[in-house]
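Chains as they are written, first to last, in my numbering: chain A, 142 to 312; chain B, 142 to 312. Just so it is clear, CB atoms sit at the ideal spot from N, CA and C, and this is done for glycine as well. These notes are about the structure you will find just below.
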DNA sequence: AGCAATTAGTTAGCTGGCTAATTATCATTT
DNA sequence: AAATGATAATTAGCCAGCTAACTAATTGCT
């Protein structure tokens with residue numbers, strides 16, 4: 142879903158590192174390489190998830206919308222609420238919903254009390270699709286994360302959180 | 142650069158968890174939440190980097206092309222080589238180069254020995270732009286990664302690599 | 001020499017991200 | 001009751017990713 146920042150085979154060799162170090166002495170090589178690796182691994186995991194969802198004719202965006210709807214007792218949310226919960230802009234959500242409506246996984250229902258507003262509802266076909274995907278998804282996530290013992294995973298997460306909280310250095 | 146998968150405020154509450162656990166008993170809640178957090182943090186860091194580059198009128202894709210060119214002694218690569226090194230498809234690279242050419246940061250040079258081929262060269266304006274960005278970038282990466290002591294960072298990376306190597310579970 | 005296969009690059013058309021601007025409706029205020 | 005302001009959703013137009021299909025040129029084989 143994003144640019145694959147760095148092919149591992151393209152880690153700079155020592156000649157290149159020297160060139161860059163000479164021109165930009167403020168570089169800390171190990172932190173740069175680690176940073177790029179973190180971005181890269183996130184991208185790889187995201188791609189793997191997309192490829193998996195692709196087998197069911199979905200991608201992360203639309204799949205996530207369906208999950209958000211399924212969380213609701215009546216399977217309904219407004220477009221704006223969906224955009225907020227998914228963390229995307231409203232125009233992006235419009236596009237995701239358009240695709241889901243086309244595939245019949247979701248329906249737009251008119252709102253009688255406010256004619257600007259549409260209710261978005263997970264259809265029974267959408268629910269069926271989720272019931273196909275989710276067990277498989279959960280199994281695979283369990284297998285993926287299973288390579289690390291749970292204490293390690295907690296540590297890992299804490300450290301990533303620290304980085305994230307520090308991401309304001311780019312402001 | 143990718144979908145923001147999960148707003149922290151939208152972590153499922155216990156009522157929702159129960160609903161999903163009942164319907165999908167194969168779910169391992171902690172591994173799912175950790176997995177989503179990892180994706181999310183990668184996306185946040187990537188966004189922060191994009192926003193930073195945006196101050197200089199660039200985004201990750203074009204910036205990375207310029208860095209790859211600067212690595213070469215003659216500042217030249219072919220479009221195909223750039224696509225491979227950046228890990229994107231050839232059509233995507235065509236688009237990135239188009240944008241860079243438009244801004245004068247890169248030039249297309251004809252190749253006399255093979256008229257299908259173009260050489261892509263970093264212009265002096267492009268080099269000037271990199272010289273503006275890179276010191277600032279390196280400083281910020283150093284500050285970002287500095288929150289974790291270097292042994293922690295090594296551990297973190299090792300664990301992420303293990304996850305990555307295991308990402309074939311999604312195949 | 002000539003035809004087939006390969007290669008470099010682009011175009012077309014899809015997905016999904018964004019901001020800015022627009023349309024339609026609702027709410028408020030006078 | 002009318003004008004102003006706010007809000008819901010969409011449209012327009014950009015960037016960046018992809019696959020499939022295409023053009024043009026080179027390579028290789030007989």
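A straight line joining the alpha-carbon of residue 159 of chain A with that of residue 212 of chain B spans about 10 Å. Taking 8 Å as the cut-off between beta carbons, the residues of the segment 273-292 of chain B near chain A are 275, 276, 279, 280, 281, 282, 283, 284, 285, 286, 287, 288, 289 and 291, in sequence order. One finds 276, 279, 280 and 283 in chain B with Cβ atoms closer than 8 Å to the Cβ of residue 167 of chain A, taken in chain order.
Against chain B, a Cβ distance below 8 Å from residue 305 of chain A picks out 182, 185 and 186.
Across the set A/201, A/295 and A/190, the C-alpha of A/201 shows the shortest separation from the C-alpha of residue 234 of chain A. Taking the CA atoms as reference points, residue 263 of chain A sits about 12 Å from residue 272 of chain A.
With fewer than 16 other CB atoms across the displayed protein chains lying within 10 angstroms of its CB, residue 257 of chain A is exposed.
Non-local beta-carbon contacts of residue 252 of chain B in its own chain, meaning distances under 7 Å to residues more than five positions away in sequence, involve 258, 259 and 260 in chain order. Of all C-beta pairs linking the segment 180-187 of chain A to the segment 166-185 of chain B, three or more are shorter than 8 Å, placing the two stretches in contact. As DSSP reads the structure, residue 248 of chain B sits in a beta bridge with B/262. Nearest to residue 279 of chain B by C-alpha distance, out of A/157, A/154, A/168 and A/155, is A/168. In the displayed model, residue 190 of chain A falls within a helix according to three-state DSSP. Under the three-state reduction of DSSP output, residue 280 of chain B falls in the helix class. The beta carbon of residue 248 of chain B sits closer than 7 Å to the beta carbons of 242, 262 and 264 from its chain, once the five residues preceding and following it are set aside; these are given in chain order. With a beta-carbon spacing of about 19 Å, residue 310 of chain B and residue 298 of chain A fall beyond the 8 Å limit used to define contacts. At a cut-off of 8 Å between C-beta atoms, residue 220 of chain A does not count as an interface residue with respect to chain B. For residue 297 of chain B, the enclosing alpha helix (DSSP H) starts and ends at 291-306.
The C-beta distance from residue 293 of chain B to residue 175 of chain A rounds to 10 Å, too long to fall under 8 Å, and the pair is not in contact.
With respect to chain B, the C-beta atom of residue 242 of chain A has no partner C-beta closer than 8 Å. If you look at residue 218 of chain A, you'll find it in the beta strand (DSSP E) that goes 217-219.
Contact check for residue 230 of chain A against residue 291 of chain B fails: the beta carbons are separated by 8 Å or more. Cβ contact annotation for residue 237 of chain B (same chain, cutoff 7 Å, sequence separation greater than five): 202, 203 and 206, in chain order. Annotation for residue 163 of chain A: the continuous alpha helix (DSSP H) segment containing it runs 155-164. The beta carbons of residue 246 of chain A and residue 266 of chain A sit about 6 Å from each other, so the pair counts as a contact at 8 Å. A check of alpha carbon separations from residue 306 of chain A across B/289, B/300 and B/155 identifies B/289 as the nearest. Here the C-alpha atom of residue 161 of chain A lies approximately 13 Å from the C-alpha atom of residue 274 of chain B.
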